[in-house]
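Structure record follows, encoded as structure tokens.
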Amino acid sequence: MKISFYSQELIKKQKTGVGWTIYHILDNLSKIKNCDFKLDYFTNGYKKEQLNEIMRFEEKGFLLNSCNRFNDIIYRYLWNIIPIPYSFFFGEDSEITQFFNYYIPPGVKGKKVTVIYDMTFKVFPETVRKRTLFFLALNIKKACNRADKIITISEFSKNEIIKYLKVEPDKISIMPCGVDQNKFHNNYTIKEINEAKKKYGIEDEYFLYLGTLEPRKNVERLVKAYSLLKKEKFKIPKLVLAGKKGWLYNEIFNIIETEGINADIIFTDYVDENNVPLLMGGAKAFVFPSIYEGFGLPPLEAMACGTPVITSNVASLPEVVEGAALMVNPFSVDEIKEAMLHIMESDELANQLIEKGFNRVKKFTWENSTRVLLQIYQNLLNEVKSNENSI
Numbered sequence: 001m002k003i004s005f006y007s008q009e010l011i012k013k014q015k016t017g018v019g020w021t022i023y024h025i026l027d028n029l030s031k032i033k034n035c036d037f038k039l040d041y042f043t044n045g046y047k048k049e050q051l052n053e054i055m056r057f058e059e060k061g062f063l064l065n066s067c068n069r070f071n072d073i074i075y076r077y078l079w080n081i082i083p084i085p086y087s088f089f090f091g092e093d094s095e096i097t098q099f100f101n102y103y104i105p106p107g108v109k110g111k112k113v114t115v116i117y118d119m120t121f122k123v124f125p126e127t128v129r130k131r132t133l134f135f136l137a138l139n140i141k142k143a144c145n146r147a148d149k150i151i152t153i154s155e156f157s158k159n160e161i162i163k164y165l166k167v168e169p170d171k172i173s174i175m176p177c178g179v180d181q182n183k184f185h186n187n188y189t190i191k192e193i194n195e196a197k198k199k200y201g202i203e204d205e206y207f208l209y210l211g212t213l214e215p216r217k218n219v220e221r222l223v224k225a226y227s228l229l230k231k232e233k234f235k236i237p238k239l240v241l242a243g244k245k246g247w248l249y250n251e252i253f254n255i256i257e258t259e260g261i262n263a264d265i266i267f268t269d270y271v272d273e274n275n276v277p278l279l280m281g282g283a284k285a286f287v288f289p290s291i292y293e294g295f296g297l298p299p300l301e302a303m304a305c306g307t308p309v310i311t312s313n314v315a316s317l318p319e320v321v322e323g324a325a326l327m328v329n330p331f332s333v334d335e336i337k338e339a340m341l342h343i344m345e346s347d348e349l350a351n352q353l354i355e356k357g358f359n360r361v362k363k364f365t366w367e368n369s370t371r372v373l374l375q376i377y378q379n380l381l382n383e384v385k386s387n388e389n390s391i
């Protein structure tokens, strides 16, 4: 089995969900010894230290297949104008080439697979950057046509892809995300948690939101709900907003200013990956009222850390948490406020959610995700052999 992975997302210093998906899948594939795995990536425009993450995979048995002829960003936007074949940069000796971020460029040899995580750009286009909308408008249908298999991460997302992109159901396979349970667990010491809290200026009890500050994540209503709670109950935990500023983030800070709750909200900016489970483990509750998710991994990660979770009753989130979280209507500020109040006032409820969370998260491992992916690859190769034998 010869498989290439377009791995440009590994080069980013601050990984997003796509970057972590690639990392964990490749890390688990490195344990498979009877396959030839190759990482394709551009190096033009990157400093040597930016390539350290991807270089480590050479020690894990991957062939590094770099190209310095072109910059990856320029290539992605130019291939619709000048369709230089992918094989021109990276060769054509792989049986399968895997892409992880919605697109498939022209001129890829062998079987082609891509991952489409959700339909945010169709359902909530106003929450997506214009340049991203432009790129997807040019490329998403082409990717669906070029793909031999489309992978998505939940039953919800599969149905959304069928609905909005008119893809045949048999062309789509589901590979659920996993939780890195070597990192996300409840065995950290109080000292370790307190040291992480200190780094981000957290001293008291706190509710935690972790994610990019952008409209789709619904942080504005979370802040409004917190303000209502503050007016109802004078002494409440702080609200920690952990994550980098995204598109239209200013509205969140305008609300904080208008409501006069600056002293009660802590903004950490991007949190180092090693501190994420510590902040989750120290929280009174993890609050994730997102309007739209293709999967929604952070609630599961918080569950693994032994923290009760409040999340939305829409999109993929009910499918993912399946009764192990307190569910709210994300469009209702009152419901979000009431959920935080329930956690504050009922240790019994919090403990029930913690126990349910531990049981739920056991079902989601990157080892399981990787097994699903390998079976998808094997099925594609079996199709090739079947077609060859029928000729």
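In terms of full-length UniProt numbering, the sequence shown is residues 1 to 391. We put the beta carbon where it would ideally sit given N, CA and C, even for glycine.
Neighbourhood of residue i by C-beta, 7 Å cutoff - its chain only, sequence neighbours within 5 removed
{"i": "LEU133", "result": "PHE121, PRO125"}
{"i": "GLU195", "result": "none"}
{"i": "ASN262", "result": "ILE256"}
{"i": "ASN368", "result": "GLY178"}
{"i": "LYS60", "result": "SER30"}
{"i": "VAL149", "result": "One detail in the question is off: residue 149 reads as Lys in this sequence, not Val. Excluding positions up to five away in sequence, the list reads VAL113, LYS171, SER173, ILE376, LEU380."}
Nonlocal neighbours in the same chain, by C-beta distance under 8 Å from residue i, ignoring five residues either side
{"i": "THR365", "result": "GLY178, VAL179, GLN181"}
{"i": "TRP247", "result": "THR127, VAL128, ARG129, GLU214, PRO215"}
{"i": "residue 407", "result": "Since the displayed the chain opens at 1 and closes at 391, residue 407 lies outside it and no answer follows."}
{"i": "GLU348", "result": "none"}
{"i": "LYS244", "result": "GLN14, THR212, LEU213, ASP269, TYR270"}
{"i": "GLU319", "result": "SER154, GLU155, PHE156"}
Cut-off 6 Å between Cβ atoms - residues of its own chain near residue i, not counting five sequence neighbours on either side
{"i": "LEU300", "result": "VAL179, VAL361, PHE364"}
{"i": "MET327", "result": "ASN313"}
Candidates the options: closest to residue i by CA position
{"i": "ILE236", "options": "ASP347, LEU341, ASN80", "result": "LEU341"}
{"i": "THR152", "options": "VAL384, ILE343, SER316", "result": "SER316"}
{"i": "ILE343", "options": "LEU208, LYS245, LYS244", "result": "LEU208"}
{"i": "ALA324", "options": "ALA147, THR307, ASP334, GLU335", "result": "THR307"}
{"i": "GLY260", "options": "TYR270, VAL271, SER227, ASN275", "result": "SER227"}
{"i": "MET119", "options": "GLU155, GLN8, TYR164, VAL333", "result": "TYR164"}
{"i": "ASP72", "options": "GLU9, ASP334, THR16", "result": "GLU9"}
{"i": "LYS191", "options": "THR43, GLU319, LEU278, ASN351", "result": "LEU278"}
{"i": "ASN34", "options": "ASN139, ALA283, ILE3, PHE234", "result": "ILE3"}
{"i": "LYS166", "options": "ILE140, ASN186, SER154, HIS185", "result": "ILE140"}
{"i": "ALA350", "options": "PHE286, ILE376, LEU63", "result": "PHE286"}
{"i": "ARG221", "options": "LYS142, PRO169, VAL333", "result": "VAL333"}
Nearest-angstrom beta carbon gap, residue j and residue i [assumed within contact, 8 Å]
{"i": "VAL223", "j": "ILE255", "result": "5 Å"}
{"i": "LEU210", "j": "PRO298", "result": "6 Å"}
{"i": "THR114", "j": "ALA147", "result": "5 Å"}
{"i": "ILE174", "j": "ILE161", "result": "The Cβ separation is near 11 Å, so there is no contact."}
{"i": "THR21", "j": "PHE135", "result": "Not really, about 19 Å apart at Cβ, beyond 8 Å."}
Distance, residue j Cα to residue i Cα
{"i": "ARG76", "j": "TYR86", "result": "11 Å"}
{"i": "PHE267", "j": "PHE288", "result": "16 Å"}
{"i": "VAL384", "j": "TYR188", "result": "48 Å"}
{"i": "LYS31", "j": "VAL219", "result": "39 Å"}
{"i": "ASP93", "j": "TYR103", "result": "20 Å"}
{"i": "LEU26", "j": "PRO330", "result": "34 Å"}
{"i": "GLU293", "j": "VAL123", "result": "11 Å"}
{"i": "LYS204", "j": "GLU338", "result": "In the sequence as presented, Lys is not what sits at residue 204; that position holds Asp. Cα-Cα distance, rounded: 21 Å."}
{"i": "GLU58", "j": "ASN44", "result": "19 Å"}
- Query: What are the uninterrupted segments assigned as alpha helix (DSSP H) that are 4 or more residues long and contained completely in the segment 157–193, given in chain order?
  - Reply: Within the segment 157–193, no run of alpha helix (DSSP H) reaches 4 residues while sitting entirely inside it.
- Item | Whole runs of the alpha helix (DSSP H) within the segment 88–151, excluding any shorter than 4 residues | Runs of the alpha helix (DSSP H) inside the segment 88–151: 120–123, 130–146.
- Query: Enumerated in chain order, which unbroken segments of the beta strand (DSSP E) with a length of 3 residues or greater are wholly contained in the segment 26–99?
  - Reply: Counting only runs of 3 or more, we get 36–42, 63–67, 96–98.
- Runs of alpha helix (DSSP H) wholly within the segment 327–355 (minimum 4 residues, chain order): Those alpha helix (DSSP H) runs which fall completely within the segment 327–355 and span 4+ residues are 333–345.
- Mind listing, in chain order, the continuous beta strand (DSSP E) runs of no fewer than 3 residues lying wholly within the segment 306–330? Counting whole runs of 3 or more residues, the segment 306–330 contains the beta strand (DSSP E) stretches 309–312, 326–328.
- Could you tell me which uninterrupted beta strand (DSSP E) segments, each at least 3 residues in length, are contained entirely in the segment 243–312, listed from first to last along the chain? For secondary structure counted as the beta strand (DSSP E) over 3 or more consecutive residues, the segment 243–312 holds these complete runs in sequence order: 265–269, 285–288, 309–312.
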